[in-house]
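These notes concern the structure reproduced below.
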Amino acid sequence: MCNFHDANVSPLCQRVVQNRVAVEILIYKDGAQGWKLEAIGEGNASHAWDKLFPTDQDAFNEVMSIIEGGKIANYLQPPPRRANSR
């Protein structure tokens, strides 16, 4: 969840539901380099984009085009499973 009191977090962070798929959109500033984008879905499945975006709006537009195109499930990967320790 985005903490809007943090100056490095975009006000565009939000939860979006499209075709019964809920996605938490996280957009935050990476120093002076640009904006990072991450999407988190059901069961903490997530995707973090490798590239930085020049603006938070650019990052938001990127993820929304994927969500609206019905392709977000292709991006979300479940968290790695931990090996059972005995």
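For the sequence shown, numbering that gives the first Met the number 0 assigns the number 0 to the initial residue and increments by one for each residue that follows. Where a beta carbon is used, it is the ideal one built from N, C-alpha and C, also for glycine.
Length of the line joining the Cα atoms of residue i and residue j
{"i": "proline 79", "j": "alanine 72", "result": "17 angstroms"}
{"i": "glycine 68", "j": "asparagine 18", "result": "10 angstroms"}
{"i": "aspartate 49", "j": "valine 15", "result": "21 angstroms"}
{"i": "alanine 44", "j": "valine 22", "result": "9 angstroms"}
{"i": "glutamine 13", "j": "tyrosine 27", "result": "12 angstroms"}
Beta bridge counterpart(s) of residue i as assigned by DSSP
{"i": "glycine 30", "result": "The partner list for glycine 30 (beta bridge, DSSP) is empty, contrary to what the question assumes."}
Pick from the options that is closest to residue i, judged by C-alpha positions
{"i": "methionine 37", "options": "Pro10, Asn7, Ser64 and Phe59", "result": "Residue 37 is actually glutamate in this sequence, not methionine. The candidate whose alpha carbon is nearest that of glutamate 37 is Phe59."}
{"i": "alanine 31", "options": "Ser64, Pro53 and Glu61", "result": "Pro53"}
{"i": "histidine 46", "options": "Leu25, Asp57, Ser64 and Asn7", "result": "Leu25"}
Buried versus exposed, by CB contacts within 10 Å (16 or more), residue i
{"i": "aspartate 55", "result": "buried"}
{"i": "lysine 35", "result": "buried"}
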